[in-house]
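Comments concern the structure below.
4 protein chains.
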Amino acid sequence: MIRVGIVGGTGYTGVELLRLLATHDGVEVVAVTSRNAAGRRVDAEFPNLRGVCDLEFVAPDAAGLERCDAVFFATPNGTAMHQVPALLDAGVRVVDVSADFRLRDAALWARWYGQEHACPERLAEAVYGLPEVNRAALRGARLVGNPGCYPTAIQLGFLPLVEAGAVDTGRLVASAVSGASGAGRKERVDLILAEQADNTRAYAAGGHRHLPEIRQGLEAAAGGPVDLAFVPHLVPQVRGIHATLFAELTRDIDVQAAFEARYRDEPFVDVMPPGSHPQTRSVRGANICRIAVHRPDPQGRRVVVLAVIDNLVKGAAGQAVQNLNVLCGMEETRGLNAVALLP
Amino acid sequence: MIRVGIVGGTGYTGVELLRLLATHDGVEVVAVTSRNAAGRRVDAEFPNLRGVCDLEFVAPDAAGLERCDAVFFATPNGTAMHQVPALLDAGVRVVDVSADFRLRDAALWARWYGQEHACPERLAEAVYGLPEVNRAALRGARLVGNPGCYPTAIQLGFLPLVEAGAVDTGRLVASAVSGASGAGRKERVDLILAEQADNTRAYAAGGHRHLPEIRQGLEAAAGGPVDLAFVPHLVPQVRGIHATLFAELTRDIDVQAAFEARYRDEPFVDVMPPGSHPQTRSVRGANICRIAVHRPDPQGRRVVVLAVIDNLVKGAAGQAVQNLNVLCGMEETRGLNAVALLP
Amino acid sequence: MIRVGIVGGTGYTGVELLRLLATHDGVEVVAVTSRNAAGRRVDAEFPNLRGVCDLEFVAPDAAGLERCDAVFFATPNGTAMHQVPALLDAGVRVVDVSADFRLRDAALWARWYGQEHACPERLAEAVYGLPEVNRAALRGARLVGNPGCYPTAIQLGFLPLVEAGAVDTGRLVASAVSGASGAGRKERVDLILAEQADNTRAYAAGGHRHLPEIRQGLEAAAGGPVDLAFVPHLVPQVRGIHATLFAELTRDIDVQAAFEARYRDEPFVDVMPPGSHPQTRSVRGANICRIAVHRPDPQGRRVVVLAVIDNLVKGAAGQAVQNLNVLCGMEETRGLNAVALLP
Amino acid sequence: MIRVGIVGGTGYTGVELLRLLATHDGVEVVAVTSRNAAGRRVDAEFPNLRGVCDLEFVAPDAAGLERCDAVFFATPNGTAMHQVPALLDAGVRVVDVSADFRLRDAALWARWYGQEHACPERLAEAVYGLPEVNRAALRGARLVGNPGCYPTAIQLGFLPLVEAGAVDTGRLVASAVSGASGAGRKERVDLILAEQADNTRAYAAGGHRHLPEIRQGLEAAAGGPVDLAFVPHLVPQVRGIHATLFAELTRDIDVQAAFEARYRDEPFVDVMPPGSHPQTRSVRGANICRIAVHRPDPQGRRVVVLAVIDNLVKGAAGQAVQNLNVLCGMEETRGLNAVALLP
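Residue numbers (the numbering used here), protein chains in the order written: chain A, 603 to 945; chain B, 603 to 945; chain C, 603 to 945; chain D, 603 to 945.
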C-alpha cells in the first residue's frame with residue numbers, strides 16, 4: 603500500500619484526487635494539507651466525500667509529508683518548488699500537479715509565471731508526466747511535472763501529426779474551450795454563475811501560460827521549432843476541455859490510420875471512428891482523451907483534430923494518479939477504470 | 603457471476619445500468635435490448651461506454667432473456683407488464699425500473715397510467731424495492747417494482763417522522779425539483795436546452811403519477827390515511843432531485859435524533875449534521891440519499907426535511923442494482939461504492 | 603425629465619437599473635456611485651452598456667446626489683439608512699432597493715439584519731413599494747422601501763387568497779427557488795459556476811431575512827397573524843424566481859376567478875389560464891409576475907399557487923422604476939414595456 | 603406603418619421577430635403563419651408574448667400575405683423559394699431569414715442544401731443582407747437573403763483584414779461556438795438539456811453549410827479566392843455565437859486602427875479597446891456585433907479576431923429588422939435600441 607499525502611487539498615485537483623484515490627486499492631491517503639482549512643474535516647468542505655474520507659485538513663508543517671511514499675502537490679503555481687527539494691531529499695516521490703516542474707527552462711518559466719524559480723537545479727530531474735510520451739522515463743522517476751489541462755489535450759491531438767513530420771509546424775492553430783472548473787475554486791466575481799452561465803468568452807488571447815508548455819512538448823516531438831497560435835475560452839460548463847486543432851499537411855498521409863497506430867496500445871487515448879465528433883461529456887469523470895480526425899477536403903492540405911478530456915481527470919488528478927501508478931510500478935490503469943458519467 | 607439482461611437500453615436508466623454494472627464484479631451483462639437500435643453498437647449510442655461495453659443492441663425477441671439470471675426493465679411504463687410473467691415463469695428474477703409493479707392496486711394503477719394493467723395477478727408478488735423499508739421481503743424475491751425517483755427521495759425524507767407517528771399525516775407538503783434527465787431521453791421540444799436552460803417550471807401541479815406511489819408507501823408506514831400535496835418542478839440541470847418537505851409535529855420529538863436512529867445502519871442514507879443543506883451535486887453519480895432536518899422555530903410545530911438523490915442512481919439504476927444485490931444474496935453495496943462527482 | 607442618481611452601481615440591481623433606464627424617455631441618469639470603481643467607466647464594468655451609457659462611477663460624496671430629483675439605492679443592506687435622511691431633507695425622493703426601509707418595526711429589523719437601524723424615525727414615512735397593494739400611498743411619497751425578490755413573488759401569489767379571508771393563515775407554506783443573480787455580484791466561492799452549475803440546494807431553511815417582510819405584508823392583508831414556512835433554494839440559472847405556494851382553503855371559493863378579479867387592472871401581474879405552469883423564462887428581463895392557480899383535488903381544501911418573476915426586474919430594479927413612475931406621476935408602465943427574452 | 607407578415611412563426615426566429623417588432627413603432631405584424639399551429643394563439647406557444655401579441659397562427663394560404671407590405675420568412679431551408687416569387691410579383695418586399703437566397707450560385711446551393719433551387723432566376727435580384735457591406739444595394743431592394751448566424755460574425759470579423767488586402771486569404775481559420783438556440787426549436791434527442799448541458803461538441807467538422815456563404819462574402823471582399831477552415835461547435839448556452847478567427851498578416855498594419863476605421867460609422871458593430879475579450883452575454887438580446895483584435899506577438903504575422911453576436915438577433919431576427927428598416931427607408935436603428943441583458 604502506497605502512503606500518499608496531498609498538499610493543497612481544498613481546490614478542485616485536491617478533491618478530485620481524493621475522489622479517485624478513495625477507490626484505488628493500492629493507495630492510502632494519509633494526509634491532506636491546507637493552511638486555511640486546518641482542523642476542519644475534509645468532508646465538511648466536500649460533502650461528496652462523506653462516509654468515504656475520515657481525514658481532517660492539517661497544516662503543511664504538521665502533516666509528516668516526509669514520511670509518505672509519495673506526495674501530490676495540488677497547490678497554486680509557485681508553491682511546490684519551495685517544498686519539493688526537501689521531500690525529494692527525504693526519499694519521497696513527488697507528482698506536482700501545478701506548473702512548477704513542467705518547463706525545463708527556468709528563465710522561460712520565470713517569464714511566464716512572473717517570479718524566479720526556486721529550485722532551477724531540480725528541473726532537469728523532473729519528468730514531464732505525459733505517459734503517452736514519457737512512459738519509460740517515468741518508471742522509477744522521483745519527480746513528475748504533471749501536464750496542464752490544455753497541454754494534455756492539445757499535445758495528444760497534435761502528436762501523431764508532428765511526430766510523423768507530416769504537418770507544417772510553423773502553422774499550427776489551437777482553439778480550445780474549458781469548463782469553469784479549469785479556472786479553479788477561487789473567490790472571483792468573473793467566475794460566479796450569474797456572470798459565466800449562458801456565456802462564452804476567450805481569455806488570454808494575447809498569450810496563455812500553457813503556450814510554452816505545449817510548444818516545449820511539440821518541439822521535442824518535431825525535433826525543431828514550432829509556431830502555434832493558441833486561444834483558450836471559458837464556456838458555461840463545469841468540466842471538460844474541447845480542443846479544436848488545425849494543421850496543414852506537408853505530405854499526403856492517412857491521418858486516421860496514423861492516429862490509430864500511434865495510440866493503439868494506449869489505455870487512456872481513444873481514437874474514434876472517422877467522422878466522429880467527441881463530446882466532453884463522454885469523458886466526464888474519466889481518465890481518457892477521445893480524439894477524432896477530419897479532413898474537410900480529402901484532397902486538401904487541411905487537417906482538423908478534435909480532442910476532449912475532463913480537465914480535472916486526464917487534465918489533472920487522473921493523470922497524476924496514472925503517473926503515480928507508473929512511478930511506483932503499479933498497473934498503469936489501477937484505480938482509473940470508472941466510466942464517464944453520461945448524461 | 604450473475605448473468606443479467608437489460609430491456610430497453612437506449613434510455614437513461616439503461617445507460618446508467620451499463621455504467622454501474624461495468625465495474626460490478628459480480629454481474630455480467632449479456633444482453634441489452636432495443637427495438638429501434640437493434641444491430642447498433644451500444645457504445646455508438648453512448649460514447650462513454652467505448653472500451654467498456656462490447657455489446658450490440660438486440661431485438662427483445664432475440665435476446666434470450668429467459669436464459670438470464672435476472673432482467674432489468676428500463677422501458678417506458680406499460681411495457682414490462684406484458685413481458686414479465688413469461689420471464690418469471692422461466693425462473694428469471696426481474697427488477698422493473700418502470701412503474702408497472704410499484705402500485706399494489708391495479709385499479710389505482712389503471713387510473714393514473716391510463717390503461718388496464720396486463721397482469722394484475724402478479725402485483726401481490728411484486729416487492730416494492732425500497733430496501734430501507736422492505737429489505738427482508740426483497741431477500742429471495744423474484745419480482746421487484748423499483749421505486750420512482752421522487753418517491754424515493756420523498757419517502758426517505760418523511761419516513762422517520764411518519765413511522766414515529768410524530769406528524770400530522772393529513773398535512774404533508776412536498777415541493778421537489780428534478781434535473782432534466784428525470785424526464786427521460788425523449789424527442790420533446792420542451793426538453794431541448796434552448797427551452798429549458800435558465801428556466802424553472804412546475805409541472806403536473808394538478809396531480810403527478812408519483813403521488814399514489816408515495817402515498818401508498820407513507821400509508822403503510824403510518825398505518826392509516828395520508829394526505830400529501832406534491833408539486834414537481836424541472837430545473838436546468840442534468841441530474842439530481844431535491845425534495846423540500848414540510849410537516850407539522852403532533853408531539854415534540856428530537857427530529858435530528860429520530861433521523862439518525864432510523865438510518866444509522868443504512869449504507870445509502872446519509873443524515874447530515876444539524877443546520878446542513880444537502881446539495882444535489884453531493885450525490886451526483888452516487889447511490890445515496892442525503893438528508894437534513896430543520897425546525898425553523900425550535901418551539902414551533904413546523905419541521906422541514908431536505909432530501910437529495912441522483913434521480914438516475916438512488917432514484918433509478920443504482921437502487922435497481924442495490925435491489926439486485928439483495929435479491930441475489932450479494933453484499934448490498936457491491937458495485938455501488940463510487941464517490942459522487944463534485945464538482 | 604427626472605434626474606436620477608444610482609448609489610451602488612456595480613451590483614446587479616445597479617446594472618439592471620441602467621439597462622432599464624437607458625430606454626426610459628422620462629428619466630436621465632446623472633450619477634452612478636461606487637466607492638471601489640470610482641473613476642472607472644461604467645461600460646468597462648458592464649460591456650452591455652457600451653454605446654449606451656457614457657458615465658463614470660463617482661465616489662458617493664462627489665456625486666451631487668442632493669441635486670437629483672430621485673435617488674435609487676442599490677447598496678448592500680445597512681448602507682442606505684445612513685444616507686437617506688440627508689437626501690430626504692434635501693428634497694430628493696428615494697427608492698431604496700435594499701432592505702433598509704422594508705420593515706416598519708425597527709427592532710424586528712435589527713434582529714434579522716444584525717445591527718441597529720440608523721434612522722428608525724424614518725420607517726413610518728417609508729412606503730412599502732408593492733404598487734399592487736400600496737399604489738395610492740406611493741403617489742407623492744418621498745421614501746420607498748422596494749420589496750425583496752422573494753417577498754414580491756410570494757405576496758403577489760398569496761394576496762388574493764389572504765385578502766379574501768379564504769385560507770388558513772396559520773398554515774401557509776412557500777417553497778421558492780431563485781437564480782444565482784439573486785445572491786448578488788459577490789466574490790463568493792459557493793457562487794462560482796463550478797460549484798453551482800448542475801446543482802440545487804436550499805439555504806437558510808432555518809429562517810431567511812425575507813420571512814418577516816413577507817409576514818408583515820400578509821398580516822396587513824389578513825388583518826391578523828400569519829404563520830408561514832418559507833424555504834428558499836438556489837438553482838443553476840441566472841435570473842428568475844419560481845415560488846410554489848401551498849394553502850388550505852377555509853371555504854370553497856373559485857380561486858381562478860378570485861385571482862383574475864384581484865389583478866384584472868394590474869399592468870404587471872398576469873393571471874394565466876387554468877392548468878398553466880408559468881416558466882421563469884417567460885418573464886426574463888420583463889417587469890411582470892405571472893401566476894397560475896391549481897386545486898389538485900377540486901373538492902379538496904388544498905390550493906397551490908405558482909408565481910414567477912425575474913428577480914432583477916419585478917423583484918428589484920424594474921419594480922423600483924415602476925415605483926419611481928408612480929412617485930413622480932408618470933405613467934406607471936413607462937420604460938417598462940420590453941418583452942421577456944425567450945428563448 | 604409597415605404591415606408585415608411572418609411565415610413560419612413557431613421557431614426561434616419567429617418568436618424573436620415578434621419580440622423585436624412588439625416595440626417597433628413603425629411596423630405592425632398582421633399575420634403569423636404556421637401549418638401545425640394554425641388556430642392556436644401565438645402567446646399560448648410563447649408565453650413571453652402574453653399581453654403583447656393578440657394574434658393566432660394562421661395557415662399560410664389563409665394569411666393574406668400578398669396584402670402585406672413586407673414578409674419575413676422564418677421557415678426551414680427550402681420553403682421560402684417556393685413562395686417568394688408570387689409575393690414579389692404581388693409587390694411585397696421579402697426578407698428571407700432562411701438560407702434560400704443567400705448564395706448567388708444555384709448549383710452551389712443545390713450541392714450544399716441537397717435539392718434543386720426552385721427559383722434560380724431570382725437569385726440575381728436577391729441582395730445579401732449584411733448592411734455593413736451592402737447598405738446601398740439594400741435601399742429599395744425587394745428581396746433580401748438574410749445572412750446566417752456564423753456568416754455574420756465571421757464575415758464582420760474578417761472583413762477589415764480582407765478588404766485591406768492585409769492577410770493571406772488562403773490560410774484563414776474560423777473556430778466558432780454557438781448556443782443551442784442556433785440549432786432551432788426542434789424535436790431532437792441530441793438537443794435536449796440532459797444531452798447538451800455541461801457538454802461541448804464540434805459538429806460538421808467535415809464541412810458546414812455556412813462555409814460557402816462565408817466564402818462568397820469574403821471572396822467578394824478579397825476580389826479573389828479564399829480558403830477557409832471552419833469548425834462550428836455547440837456549447838451549453840441558449841444564445842450567443844463566439845467566433846475565434848485566425849489569420850496571417852501579409853504586411854504589417856495597425857489592425858486595431860483598421861477595425862476602428864472600418865466600423866466607425868456602423869451602429870451595430872462595436873470595436874472594443876485593445877486587449878478586450880468580448881463575451882456573448884454582452885450582446886444577449888441586442889442587435890450588435892462586438893469585436894476585439896489581438897496580435898499575440900506584436901512582431902509576428904499572426905492576428906486573432908474575436909467576434910460575438912446573439913445568433914437570434916444580429917445573427918437572424920434583429921438583422922432582418924435592420925434590413926427591413928433599410929429597405930423601407932426607415933431609420934436603420936429603429937426598434938433595435940434595446941440593451942443586452944446582462945447578467
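Every residue gets a Cβ at the ideal spot worked out from N, C-alpha and C, and that includes glycine.
- Against B:PRO875, chain C offers no close residue; the least beta-carbon distance is about 13 Å (beta-carbon pairs closer than 9 Å).
- The CB of B:ALA940 comes closer than 7 Å to the CB of THR625, ALA940 in chain A, given here in chain order.
- Proximity to A:ALA823 across A:LEU763, A:GLN901, A:ALA739, A:GLY680 peaks at A:LEU763, based on C-alpha coordinates.
- Take B:HIS844, set aside five residues on each side of it, and the residues of its chain with a beta-carbon closer than 6 Å to its own are VAL779, THR882, VAL910, in chain order.
- Residues of the segment 643–655 of chain A with a C-beta less than 7 Å from any C-beta of chain B: PHE648, PRO649, ASN650, LEU651, ARG652, GLY653, VAL654, listed in chain order.
- It is roughly 38 Å from the alpha-carbon of A:GLY917 to the alpha-carbon of D:LEU820.
- The beta carbon of B:ASP872 does not come within 9 Å of any beta carbon belonging to chain C, so the residue lies off that interface.
- For D:ALA712, the closest alpha carbon among the candidates D:ARG811, D:VAL833, D:ARG817, D:ASP627 is that of D:ARG811.
- In this structure, the CA atom of A:GLU797 is about 14 Å from the CA atom of A:SER783.
- With a 10 Å radius around the Cβ and a threshold of 16 neighbouring Cβ atoms, D:GLY610 comes out buried.
- For D:VAL915, the nearest beta carbon of chain B is not closer than 9 Å to its own beta carbon.
- The beta carbons of B:VAL840 and A:PRO945 sit about 5 Å from each other, so the pair counts as a contact at 8 Å.
- Ranked by how close their Cα comes to the Cα of C:LEU667, the residues C:PRO687, C:ARG790, C:TYR805, C:ALA940 have C:PRO687 in first place.
- Closer than 9 Å to the CB of A:GLN924 there is not a single CB belonging to chain B.
- In the displayed model, B:PRO945 falls within coil according to three-state DSSP, outside both helix and strand.
- Between A:VAL833 and A:ALA807 the beta-carbon gap is near 5 Å, inside 8 Å, which marks them as a contact.
- Between A:TYR730 and chain C, the shortest Cβ-Cβ separation is not below 9 Å.
- Counted as a single uninterrupted DSSP element, the stretch harbouring C:ARG892 is not any alpha helix (DSSP H) but the beta strand (DSSP E) occupying residues 891–896.
- By the CB criterion at 9 Å, B:LEU926 and B:VAL629 fall inside the cutoff.
- Bounds of the alpha helix (DSSP H) holding B:ASP691 are 682–691.
- Considering only C:GLU933, C:GLN921, C:LEU929, the residue with the shortest C-alpha distance to C:LEU622 is C:GLN921.
- Taking a Cβ-Cβ cut-off of 7 Å, the neighbours of D:ASP800 in chain B comprise VAL840, given in sequence order.
- With a threshold of 16 other beta carbon atoms within 10 Å, D:ASN801 meets it and is buried.
- Taking each of C:ALA720, C:VAL644, C:ILE855, C:VAL696 in turn and checking the Cα distance to C:ARG744, the smallest one comes out for C:VAL696.
- Among the residues of chain D, those whose CB is under 8 Å from the CB of B:VAL791 are ARG787, LYS788, GLU789, following chain order.
- Every alpha helix (DSSP H) of 4 residues or more that sits fully in the segment 792–843 of chain C is shown, in chain order, as 795–798, 812–824.
- The beta-bridge partner set that DSSP reports for A:SER777 consists of A:VAL833, A:THR846.
- DSSP links D:ARG904 through a beta bridge to D:GLU850.
- Unbroken beta strand (DSSP E) runs of no fewer than 3 residues, entirely contained in the segment 607–668 of chain C, are found at 629–635, following chain order.
- Annotation for C:ARG803: HIS835, LEU836 place their beta carbon closer than 7 Å to its own, counting only its chain and skipping 5 residues before and after.
- DSSP places D:VAL871 inside the beta strand (DSSP E), whose first and last residues are 871–873.
- Taking 9 Å as the CB threshold, C:SER884 lines the interface with chain D.
- What A:ALA640 touches in chain C, judged by beta-carbon distance under 9 Å, is nothing: the nearest beta carbon there is about 17 Å away.
- In the three-state DSSP reduction, D:GLY759 falls in the helix class (H, G or I).
- At a Cβ-Cβ threshold of 9 Å, B:VAL746 and B:PHE760 do not count as neighbours.
- Residue state for A:ARG724 is assigned as helix, using DSSP reduced to three classes.
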